[in-house]
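Everything below concerns the one structure shown next.
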Amino acid sequence: MNFISTRALAQVVLMSRELDRAEGELRAFIDRMSEDEQAELVAIMWIGRGTFDADEFAEAFDTALREASTPTADYLIGTPHASDHIETGMDLLGMSAVEAEDALM
1 MNFISTRALA QVVLMSRELD RAEGELRAFI DRMSEDEQAE LVAIMWIGRG
51 TFDADEFAEA FDTALREAST PTADYLIGTP HASDHIETGM DLLGMSAVEA
101 EDALM
């Protein structure tokens, strides 16, 4: 991973949990990300969901770039438990989701 920060991932997780009040903010936040950051976000979610293993991050990232056909915000918001999957993916990749989330609160 080279593009998205742990802080940005934590912000997505926190806003995803508050969709009733933060959906617009979440959409805007994701839309402002670069294409590479969005692909990393999706790849991390896929790893947390079990679609890819942590050691397959490069493949997940390439697949996310190649297969992007819907806006990333729409895709993530429409994915059940996306925030949990992102958090799990972060943990599997050695990033502390809890520490990053605590720093934002």
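Numbering follows the working numbering, in which position 52 of the sequence shown is assigned residue number 52; successive positions increment by one, without gaps.
Note that the Cβ used here is the ideal one computed from N, Cα and C, for glycine as well.
Treat the numbers as computed from the prediction; the structure is a model and nothing was measured.
| query | result |
| --- | --- |
| Cβ contact (3+ pairs, closer than 8 Å) linking the segment 21-33 and the segment 53-64 | no |
| Cβ-based neighbour list, residue 39, same chain, cut-off 6 Å, excluding 5 preceding and 5 following | 61, 64, 65 |
| Cα-Cα separation between residue 32 and residue 71, rounded to whole angstroms | 12 Å |
| Rounded straight-line distance, which links the Cα of residue 20 to that of residue 75 | 17 Å |
| Environment of residue 85 [buried if 16+ CB atoms lie within 10 Å] | buried |
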